[in-house]
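Working notes for the structure below.
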Amino acid sequence: MSNSPEAPSCALPPHLASWRSLVTRSIAAWDNLATTDQTIYKNTGIPRSILKECRTLDNFLKKSGDLLSFWFFQQRSAFMSQKHMKKWSRNELNDYILFPASPGFVSRSDCFFVSHFWQTQEDPDPDGEYLRLHQAEFEPQAWSYIWVDWTCMPQNPRLPREQVYFNRCLRTMSGIIRNCGFAYFYPPFKPRLWILYEITEYALTCSGKIAITPDIKLFLQHIDEMVTTSVQATLVKHVLLRRLDFNVYRIRKIMDNITWLKTLLMGRGIDSLNSHINNCEARSIRIIYSAHTKQSPPSLTSSQSTYPD
């Protein structure tokens, strides 16, 4: 029998191993991303350095956005194999890639953004009905990554560090919508402010036009109304404000701060639009969110779903 001491194990704890795997996988994927605009310079050095300095997921969640924001995107294989839309989980990091919120990384050649209703407060698609529709639609198409709020942002109940990341992700969501392909399957029409925002963000910044399908037709008509009348008049007319059940002061605050919609409708150039949204969208989104949850801005601590209807 050998009396030599047993060699210590060098294996990393599972949570550290999965985090390091995510970092390595993400950095390796960046060079393979399609760049539709060859004039865009994709700088991988800075995001690589920032990501490698984050030794744990919690360290990343707290720091993300200090110098550069990052987005969780679910990999195609994970999305296509699931039976229900997965809720974001720190225990499912193998499903993801991290993309820098920087030019040249997220593109419509590689990525989809999924716009969806919330069927319940606890789960946007509890029966997997809309997931199956998307899977059937995506199956024949060439793409690699997908962003769904339920899957790609920490959900309630959130740890404080997860809340920090969630807030920052909300502030940069317009960049995801503008740079991804836009996917949707909506139920029979109901007035939803977040859905109108997502469609408007995409429709008025994309180079082509959204195909007019029955489930999006009314939302597109409301965008046209905002162009010809005003944002406020359209939201009030279609019960997008009245259904929230809050006082006149809150309504005025929302009308004063929905600048992302107003800016889109003013027909500004994309560079000007991006600059304007970066300066004001944090305040705007917090005001909108607080009106939904009946909490005072800028707190984002609702126990309801990420985008309550």
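Mapping to the numbering used here: the sequence shown position 36 is 201, numbers consecutive.
C-beta atoms are modelled at their ideal positions from N, C-alpha and C, and glycine is treated no differently.
Beta-carbon proximity list for residue i, same chain, < 8 Å, skipping 5 on both sides
{"i": "alanine 176", "result": "Ala182"}
{"i": "tryptophan 253", "result": "Phe237, Trp315, Thr316, Cys317, Met318, Pro319, Gln320"}
Residue i vs residue j beta-carbon contact at 9 Å
{"i": "proline 322", "j": "tyrosine 330", "result": "no"}
{"i": "phenylalanine 354", "j": "aspartate 389", "result": "no"}
{"i": "cysteine 345", "j": "phenylalanine 270", "result": "no"}
{"i": "valine 313", "j": "glutamine 397", "result": "no"}
{"i": "alanine 368", "j": "glutamate 302", "result": "no"}
{"i": "tryptophan 184", "j": "phenylalanine 225", "result": "yes"}
{"i": "lysine 248", "j": "leucine 187", "result": "no"}
{"i": "proline 356", "j": "histidine 403", "result": "yes"}
{"i": "asparagine 259", "j": "histidine 180", "result": "no"}
{"i": "methionine 250", "j": "aspartate 288", "result": "yes"}
{"i": "arginine 326", "j": "glycine 230", "result": "no"}
{"i": "lysine 207", "j": "serine 267", "result": "yes"}
Contacting residues, own chain, Cβ-Cβ under 7 Å from residue i (five flanking each side not counted)
{"i": "glutamine 386", "result": "none"}
{"i": "glutamate 363", "result": "Ser280, Ile342"}
{"i": "leucine 324", "result": "none"}
{"i": "methionine 228", "result": "Checking the sequence shown, residue 228 turns out to be lysine, not methionine. Cβ neighbours of lysine 228 beyond the five flanking positions: Cys219."}
{"i": "aspartate 275", "result": "Leu198, Ala199, Trp308, Ser309, Tyr310"}
{"i": "glutamine 284", "result": "Asp290, Pro291"}
{"i": "phenylalanine 244", "result": "Ile311"}
For residue i, three-class secondary structure by DSSP
{"i": "tryptophan 253", "result": "coil"}
{"i": "threonine 285", "result": "coil"}
{"i": "tryptophan 195", "result": "helix"}
{"i": "tryptophan 308", "result": "coil"}
{"i": "asparagine 224", "result": "helix"}
{"i": "asparagine 208", "result": "coil"}
{"i": "histidine 180", "result": "helix"}
{"i": "tyrosine 295", "result": "helix"}
{"i": "cysteine 317", "result": "helix"}
{"i": "leucine 233", "result": "coil"}
{"i": "lysine 402", "result": "helix"}
{"i": "valine 271", "result": "coil"}
{"i": "serine 395", "result": "coil"}
{"i": "glutamine 300", "result": "helix"}
{"i": "lysine 217", "result": "helix"}
Bridge partner(s) assigned by DSSP for residue i
{"i": "arginine 346", "result": "Rather than arginine, the amino acid found at residue 346 in this sequence is glycine. Answer is Phe277."}
{"i": "leucine 238", "result": "The residue asked about is misnamed: residue 238 is phenylalanine in this sequence, not leucine. Paired residue(s): Ile262."}
Residues near residue i in its chain [Cβ-Cβ closer than 6 Å; skip 5 each side]
{"i": "serine 191", "result": "Ile262, Leu263"}
{"i": "proline 265", "result": "Pro212, Leu233, Phe235"}
{"i": "arginine 343", "result": "Thr370"}
{"i": "isoleucine 450", "result": "Only weak support exists for where isoleucine 450 lies, its pLDDT of 36 falling under 50; the value from the coordinates is given anyway. Correct list, in chain order: Leu335."}
{"i": "leucine 298", "result": "Phe350"}
{"i": "phenylalanine 154", "result": "As shown, the chain starts at 166 and ends at 474. That puts residue 154 outside it, with no answer to give."}
{"i": "leucine 216", "result": "Val188"}
{"i": "threonine 209", "result": "Trp195"}
{"i": "arginine 241", "result": "Ser309"}
{"i": "isoleucine 375", "result": "Ala368"}
Short CB-CB distance (under 9 Å) between residue i and chain D
{"i": "proline 265", "result": "Looking for chain D here will not work: only one protein chain is present."}
Report task. Any chance you could list the beta strand (DSSP E) runs of at least 3 consecutive residues sitting entirely within the stretch 321-388, in chain order? Result -> 346-349
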